[in-house]
Ligand SMILES: Cc1ncc(COP(=O)(O)O)c(C=O)c1O
């Protein structure tokens, strides 16, 4: 047991009541709770988006990219510094992942490197709002328009992130979210797809349930002898009412939890020694970061010692991320380290510190004292 774990989810009696209500309702799986969660989530994101709830952010990526139906072997550009779901979904769909480098200011993908890596075969770009820092969306949108490319925003870390007054997730052709337990809101496991493209949304709704042309609520409420049809093969990626009921309660306190995250972040900023610790955050006044965790950068030769000291004192750090090209499976791809210099640097210097709403101010001080004394 850690004195300060990397993450603690916050569940109250309200989530327990919501689960109990569903358990006693006679309907456990995809149903009206999911439909209500989708509506409430899309209202939270704003800008008239529609939402499709699914079983995880990973399935959201498979579903979204699959529904977009790119020709086999089309290239999709994504940052090398991300979670493996982004690259694995591309590979499984018969597409070709092309890794782009990040910027060392915010660890988000570098638009200049995206542009360098575009070929005649490029069809889409997946961007990741790292730790809740918004990517340079204006520049990336301009590139997408110039080369007629589809944009998918991975908002797994960034539900509350705002960019010039709007939620991230409304800028791409589609966006994906995660409700894994360590995310800013959780449904235990779960994810969401968001888009303004109604045709894409309808397709994702069908494909999340094998491709069946009628959803199970309608099917149950209006029984007919008509056999359902499957227009194209889909997946089993649905969210259950049990999960959605938890998500609906979590969503109600998302703003108060964000306020606490901001408080914890500001204290870290005040207490960490700026000469020895670089906080990876976007300080532009026109953005609001969701502060999913606290990414820091320290001297390469000090990082291992710092990790050891944190662990010795009961603090659980994390690493975001092991870059895609560092995994064994990457040997089958022709990704070049030389083309990813910032990702290489980040991998050697980066460390993530705990940041969650229930962190007491004394907890932050405790972590900062260890960090400052170790460097
Ligand atoms: C950036 C990013 N994308 C996608 C995922 C996958 O989320 P899920 O576990 O909901 O599939 C994660 C998980 O941590 C992530 O960090």
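In my numbering, the protein residues as written are 437 to 811. Note that the Cβ used here is the ideal one computed from N, Cα and C, for glycine as well. Please read all numbers here as calculations on a predicted model, not as lab measurements.
Measuring CB to CB, does residue i end up less than 9 Å from residue j?
{"i": "residue 605", "j": "residue 595", "result": "yes"}
{"i": "residue 776", "j": "residue 537", "result": "yes"}
{"i": "residue 778", "j": "residue 546", "result": "yes"}
{"i": "residue 684", "j": "residue 476", "result": "yes"}
{"i": "residue 788", "j": "residue 732", "result": "yes"}
{"i": "residue 673", "j": "residue 496", "result": "yes"}
{"i": "residue 652", "j": "residue 645", "result": "yes"}
{"i": "residue 601", "j": "residue 614", "result": "no"}
{"i": "residue 677", "j": "residue 456", "result": "no"}
{"i": "residue 704", "j": "residue 443", "result": "no"}
{"i": "residue 675", "j": "residue 622", "result": "no"}
For ligand 1, is there a heavy atom less than 8 Å away from the beta-carbon of residue i?
{"i": "residue 493", "result": "yes"}
{"i": "residue 521", "result": "yes"}
{"i": "residue 448", "result": "no"}
{"i": "residue 590", "result": "yes"}
{"i": "residue 618", "result": "yes"}
{"i": "residue 564", "result": "yes"}
{"i": "residue 615", "result": "yes"}
{"i": "residue 528", "result": "no"}
{"i": "residue 596", "result": "no"}
{"i": "residue 452", "result": "no"}
{"i": "residue 593", "result": "yes"}
Can you name the start and end residues of the beta strand (DSSP E) that residue i belongs to?
{"i": "residue 730", "result": "730-733"}
{"i": "residue 760", "result": "No beta strand (DSSP E) holds residue 760; DSSP gives it neither H nor E."}
Please classify residue i: does DSSP put it in a helix, a strand, or coil?
{"i": "residue 603", "result": "strand"}
{"i": "residue 503", "result": "helix"}
{"i": "residue 514", "result": "strand"}
{"i": "residue 458", "result": "helix"}
{"i": "residue 558", "result": "strand"}
{"i": "residue 545", "result": "strand"}
{"i": "residue 577", "result": "helix"}
{"i": "residue 553", "result": "coil"}
{"i": "residue 481", "result": "helix"}
{"i": "residue 439", "result": "coil"}
{"i": "residue 715", "result": "strand"}
{"i": "residue 765", "result": "helix"}
Check the DSSP bridge columns for residue i and list the partner residues they point to.
{"i": "residue 803", "result": "In DSSP, residue 803 forms no bridge with anything."}
{"i": "residue 489", "result": "628"}
{"i": "residue 589", "result": "563 and 611"}
{"i": "residue 682", "result": "The partner list for residue 682 (beta bridge, DSSP) is empty, contrary to what the question assumes."}
{"i": "residue 814", "result": "Outside the shown range of the chain, which is 437 to 811, sits residue 814, and nothing can be said about it."}
{"i": "residue 666", "result": "648"}
{"i": "residue 723", "result": "599"}
{"i": "residue 672", "result": "645"}
{"i": "residue 475", "result": "The partner list for residue 475 (beta bridge, DSSP) is empty, contrary to what the question assumes."}
I'd like the span of the alpha helix (DSSP H) that includes residue i, first residue to last.
{"i": "residue 536", "result": "No alpha helix (DSSP H) contains residue 536, which is instead part of the beta strand (DSSP E) from 532-536."}
{"i": "residue 747", "result": "739-748"}
{"i": "residue 616", "result": "It is not in any alpha helix (DSSP H) - residue 616 carries neither H nor E in the DSSP assignment."}
{"i": "residue 773", "result": "Segment: none, residue 773 is in no alpha helix (DSSP H) and carries neither H nor E."}
{"i": "residue 820", "result": "This structure cannot settle anything about residue 820, because the visible part of the chain is limited to 437 through 811."}
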